[in-house]
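Numbering (UniProt numbering), first residue to last: 1 to 80. By construction, the Cβ of each residue, glycine as well, lies at the ideal position given by its N, Cα and C atoms.
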Amino acid sequence: ILYAPDNRLSMLPYAFHVRKDRRDLLESINRAVSIVYPAYPTIMSRYNNRYLPYRPSTPLPVRPLSIDLLSQIFILFAIL
């Protein structure tokens, strides 16, 4: 099976999952799909990542909420 239905795309129902090191298989799948499905370039443009990977500009420390921290926040709001 070379394709799987993609429930996230209602107009374009095909999604292909191929390992990156299998370029030979990927190229043959691309050729076959472009023959069968005339809107193939539109589908592939939907899967291209148009944005850079997210990297925060300033590394802020992340601290999970705890009961102690929440009680301090509630006391602060009670004072204000």
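- In this structure, valine 18 lies near isoleucine 29, with their beta-carbon atoms less than 8 Å apart.
- Residue state for arginine 46 is assigned as helix, using DSSP reduced to three classes.
- Short of 8 Å from the beta carbon of proline 59, and not among the five residues preceding or following it, lies no beta carbon of its own chain.
- Look at alanine 39 here: in three-state DSSP terms it is coil, with no helix or strand label.
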